[in-house]
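Chains as they are written, first to last, in our numbering: chain A, 4 to 381; chain B, 124 to 357. Reading through the structure tokens given below for one structure.
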């Protein structure tokens, strides 16, 4: 049997491809939105995964440095290390910084770590880890800085000794790394004038040995819950497992952003559905005379439904392919990471096919109402 | 003249009323006539007289309100349709020719002609062979792969005639097949239909306004304000 859908498409191929490209752009935006969401979730966990820690020790009654302000004394790390089951610890600081490159501001998230501990940035792709306790730093390649660049921060000049790839904070800011003393100095050391003023107020300390969190690894077979409860009981701190910290990040911190993106995605999908339905309806209405002739010469409803549904599904599939090309060609232009994964693309394809079939039903309904007698007469 | 007296179209007290009650309009008042195998019959009448209603009832497109309709000896309508699938009947027994050829624009000439036979599950090779034979018979054999937009008015109408014959119909219903053609081509098409009726043993009912074609018909049925009457040829 002749495929009426194929012949009709071939007859107006340019129009069909242009329409597919148009819907494809819309679907491409849907894919990018999903990719942005994936990027958001993945970014949120990059730092956590990079630490390879099992436990996070933070200030009591807080949710940790990514959600709330958390301050601990640095020497607590020695007390934590003394707990049974703890293998190693590392003190960490976190702070937002603004660097300048060619007079252009770059917002970064700075992490200070104990260079003699188990932790080292695993995303390093060039150079070396920080070896000296002062004036060395690691930057992410997207900051634009190169190895051996010298960056002025505060009162000091830092030498770039390492470059990371795709190192971002939970909020998507690019990561830079310092030794713990340097990071503490950047975050907690006041200016000379401030110290003078503080002394005049009776504040004597200029202590910079504060940290934001301690991460710990544990001995093989150790029970994380038990160790955490022990530390909380004796040290008056809050302990999270890596999974709990990850859950806090994805559920609490990016939940609203994710919902926002999800809403946009749903709205875009609805818009795409309405547009596909309207296009199929218009395409069908453009063939009223041909459908009337087909009915008149004896074509069954099945043949006519097949023609409309096949065209609709083909339009959906071509639009999806156009959307894939569109999204893949644009994804790298987005400032934050966009991750397109095949399962999302496949899910969208299934949705598009379902929407195409549902969208064609309006056209089918109209086509079935066409009176074959309308083919007779001028 | 008819090659035999085998009735192919038979209507008895057939009528069609649109609307109900006070708004009811009787488009065709009770009419009875017969058309035989090999006959070419003209259906004449002014615009709005009911010609199209009559032809669509005979073509099983419009359901009559009352009366009986027989096609190829089979009772098709008697108070209601007596067959389940009127479209199947159309694609098996009836060929249609329209005023403006009405070829499917996205199918080429061969596909336009083979469409109905293929819907009737005819072997594709046989359908193509038949299409070639018909086009040769109608003098447009070199247009097999052409699209309808590439044909002239006369060529399109010949292809439309080929399409109407592709399913070996018993009946051809033609709605003003010469209206869009100039006088010379119109005469040529009508002569062709006449030839087809006798050579292919088909009953042809032609709706026309063109009085110049009347001599070519075996009989004339006139429709006027819903009244159907047979007219003797002068």
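Every residue gets a Cβ at the ideal spot worked out from N, C-alpha and C, and that includes glycine.
Tell me the rounded alpha-carbon separation between residue 259 of chain B and residue 10 of chain A. Looking up residue 259 of chain B in the second chain gives position 136. Looking up residue 10 of chain A in the first chain gives position 7. Cα to Cα, residue 259 of chain B sits roughly 25 Å from residue 10 of chain A.
Have a look at the DSSP bridge pairing and note the partners of residue 310 of chain A. One-based indexing of the first chain puts residue 310 of chain A at position 307. DSSP, once it has assigned bridges, lists no residue as partnering residue 310 of chain A.
On the premise that residue 299 of chain A lies in contact with residue 184 of chain B, defined as a C-beta separation below 8 Å, what is that separation, rounded to the nearest angstrom? Here residue 184 of chain B refers to the residue found at position 61 when the second chain is read from its first residue. Here residue 299 of chain A refers to the residue found at position 296 when the first chain is read from its first residue. Contact holds; Cβ gap of about 7 Å.
Mind checking if residue 228 of chain B is an interface residue toward chain A, Cβ cutoff 8 Å exclusive? In the second chain, the residue the question calls residue 228 of chain B occupies position 105. Yes, its Cβ sits closer than 8 Å to a Cβ of chain A.
Pair within 8 Å by beta-carbon distance, residue 207 of chain B and residue 243 of chain B: Here residue 207 of chain B corresponds to residue number 84 of the second chain, with the count starting at 1. Here residue 243 of chain B corresponds to residue number 120 of the second chain, with the count starting at 1. Cβ atoms of residue 207 of chain B and residue 243 of chain B: not closer than 8 Å.
Within a Cβ cutoff of 6 Å, which residues of the same chain sit near residue 239 of chain B, ignoring the five residues on either side of it in sequence? Within the second chain, residue 239 of chain B is the residue found at index 116, counting from 1. Here residue 239 of chain B has 214, 289 and 290 as same chain residues with Cβ atoms under 6 Å from its own Cβ, once five neighbours each way along the sequence are excluded.
So which residues of chain B does residue 299 of chain A contact, with C-beta pairs closer than 8 Å? What you label residue 299 of chain A is simply residue 296 of the first chain in a count that begins at 1. Near residue 299 of chain A (Cβ distances below 8 Å), the residues of chain B are 182, 184, 213 and 219.
Whole-number beta carbon distance between residue 232 of chain B and residue 312 of chain B, since they are thought to touch under 8 Å: Locating residue 312 of chain B in the second chain gives position 189, where the first residue counts as 1. Locating residue 232 of chain B in the second chain gives position 109, where the first residue counts as 1. At roughly 17 Å, the Cβ-Cβ gap does not stay under 8 Å, so residue 312 of chain B and residue 232 of chain B are not in contact.
Closer than 7 Å between beta carbons: that is the criterion. Which residues of the segment 131–157 of chain B meet it against chain A? Correct list: empty, as no residue qualifies.
Comparing C-alpha positions only, which one of A:17, A:74 and A:54 sits nearest to residue 241 of chain A? On the first chain, residue 241 of chain A is found 238 positions in, with the first residue counted as 1. Ranking A:17, A:74 and A:54 by Cα distance to residue 241 of chain A puts A:74 first.
Using CA coordinates, which residue listed in B:245, B:251, B:219 and B:303 is at the minimum distance from residue 275 of chain B? Translated into the one-based positions of the second chain, residue 275 of chain B becomes position 152. Nearest C-alpha to residue 275 of chain B: B:303.
Can you check the segment 155–182 of chain A for any beta strand (DSSP E) of at least 3 residues that lies completely inside it and give the ranges in chain order? Here the runs fully enclosed are 159–167 and 177–182.
For residue 338 of chain A, return the contacting residues in chain B, with the cut-off set at a CB-CB distance below 9 Å. Indexing the first chain from 1 puts residue 338 of chain A at position 335. Neighbours of residue 338 of chain A on chain B: none; closest Cβ ~47 Å, over 9 Å.
Can you list the residues of chain B that residue 303 of chain A reaches, using a CB-CB cut of under 7 Å? In the first chain, the residue the question calls residue 303 of chain A occupies position 300. Under the 7 Å cutoff, chain B gives 210.
By the criterion of Cβ-Cβ separation under 8 Å, what are the contact partners of residue 234 of chain B in chain A? As a first step, residue 234 of chain B is located in the second chain; it is residue number 111 there, counting from the start. Correct list: 5 and 10.
With a cut-off of 8 Å, does the C-beta of residue 333 of chain B fall near any C-beta of chain A? By one-based count along the second chain, residue 333 of chain B stands at place 210. For residue 333 of chain B, the closest Cβ of chain A is not nearer than 8 Å.
Across which residues does DSSP place residue 89 of chain A in a beta bridge pair? The residue you call residue 89 of chain A lines up with position 86 of the first chain. Paired residue(s): A:221.
In DSSP terms, what residue 154 of chain B is bridged to: Start at 1 with the first residue of the second chain, and residue 154 of chain B comes out as number 31. In DSSP, residue 154 of chain B forms a bridge with B:137.
Using a Cβ-Cβ cut-off of 8 Å (strictly less than) and excluding sequence neighbours within five positions of residue 126 of chain B, which residues of its own chain qualify? As a working note, residue 126 of chain B is residue 3 in the second chain. Any reading at residue 126 of chain B must be qualified, since the residue scores a pLDDT of 49, below 50, and its modelled position is unreliable; the value itself is stated next. Correct list, in chain order: 160, 161, 321 and 324.
Applying the 10 Å Cβ sphere with the 16-neighbour rule, what's the burial state of residue 247 of chain B? Reading the second chain from its first residue, position 124 is the one you call residue 247 of chain B. Flag for residue 247 of chain B reads exposed.
Backbone CA spacing between residue 246 of chain A and residue 157 of chain A [nearest angstrom]: Start at 1 with the first residue of the first chain, and residue 246 of chain A comes out as number 243. Start at 1 with the first residue of the first chain, and residue 157 of chain A comes out as number 154. Going by the C-alpha atoms only, they are around 36 Å apart.
Residue 374 of chain A by DSSP, collapsed to three states: which one? Locating residue 374 of chain A in the first chain gives position 371, counting from the first residue. Residue state, collapsed to three classes: coil.
Cβ neighbours of residue 360 of chain A in the same chain (closer than 7 Å, five flanking residues each side left out): In the first chain, the residue the question calls residue 360 of chain A occupies position 357. Scanning its chain for C-beta atoms nearer than 7 Å, with the 5 sequence neighbours on each side dropped, one finds around residue 360 of chain A the residues 312, 315 and 316, in chain order.
Backbone secondary structure at residue 353 of chain B - three-state DSSP: Locating residue 353 of chain B in the second chain gives position 230, where the first residue counts as 1. Secondary structure at residue 353 of chain B: strand, using DSSP grouped into helix, strand and coil.
Residue 353 of chain B and residue 342 of chain B closer than 8 Å at C-beta: Start at 1 with the first residue of the second chain, and residue 353 of chain B comes out as number 230. Start at 1 with the first residue of the second chain, and residue 342 of chain B comes out as number 219. Taking 8 Å as the Cβ cut-off, residue 353 of chain B and residue 342 of chain B qualify as a contacting pair.
Select from A:36, A:17 and A:6 the residue whose C-alpha is nearest the C-alpha of residue 342 of chain A. Taking the first residue of the first chain as 1, we reach residue 342 of chain A at position 339. The candidate whose alpha carbon is nearest that of residue 342 of chain A is A:36.
Distance CB(residue 40 of chain A)-CB(residue 261 of chain A) smaller than 8 Å: For the purposes of this step, residue 40 of chain A is taken as the residue at position 37 of the first chain. For the purposes of this step, residue 261 of chain A is taken as the residue at position 258 of the first chain. Closer than 8 Å, so yes.
Below-8 Å beta-carbon distance, residue 375 of chain A vs any chain B residue: Here residue 375 of chain A is taken as the residue at index 372 of the first chain, counted from 1. Chain B contact via Cβ: present.
Indicate whether the contact test is met: 3 or more Cβ pairs, each with one atom in the segment 91–98 of chain A and one in the segment 13–24 of chain A, closer than 8 Å. Not touching, per the Cβ criterion.
Hey, would you say residue 251 of chain A sits closer than 8 Å to residue 57 of chain A, going by beta carbons? Residue mapping note: residue 251 of chain A aligns to position 248 of the first chain, counting from 1. Residue mapping note: residue 57 of chain A aligns to position 54 of the first chain, counting from 1. Not a contact, by the Cβ cut-off of 8 Å.
Nearest-angstrom Cα separation, counted from residue 223 of chain A out to residue 254 of chain A: Taking the first chain and counting its residues from 1, the one referred to as residue 254 of chain A is at position 251. Taking the first chain and counting its residues from 1, the one referred to as residue 223 of chain A is at position 220. Rounded to whole angstroms, the gap between the alpha carbons of residue 254 of chain A and residue 223 of chain A is 29 Å.
Inter-residue CB distance, residue 27 of chain A and residue 325 of chain A (contact presumed, cutoff 8 Å): The residue given as residue 27 of chain A occupies position 24 in the first chain. The residue given as residue 325 of chain A occupies position 322 in the first chain. The Cβ separation is near 2 Å, so the contact holds.
Could you please give the first and the last residue of the uninterrupted alpha helix (DSSP H) stretch that includes residue 251 of chain B? Position 128 of the second chain, counted from the first residue, corresponds to residue 251 of chain B. Residues 247–260.
Residues that residue 306 of chain A contacts on chain B, provided the C-beta gap is smaller than 8 Å: Walking along the first chain from the start, residue 306 of chain A turns up at place 303. Against chain B, the beta carbon of residue 306 of chain A has neighbours under 8 Å at 242, listed in chain order.
DSSP puts residue 76 of chain A in a beta bridge; with which residues? As a position in the first chain, residue 76 of chain A is number 73, starting the count at 1. Answer by DSSP bridge pairing, in chain order: A:213.
Collapsed DSSP secondary structure at residue 337 of chain A in the structure displayed: Here residue 337 of chain A refers to the residue found at position 334 when the first chain is read from its first residue. Shown here, residue 337 of chain A sits in coil according to DSSP, grouped into three states, outside any helix or strand.
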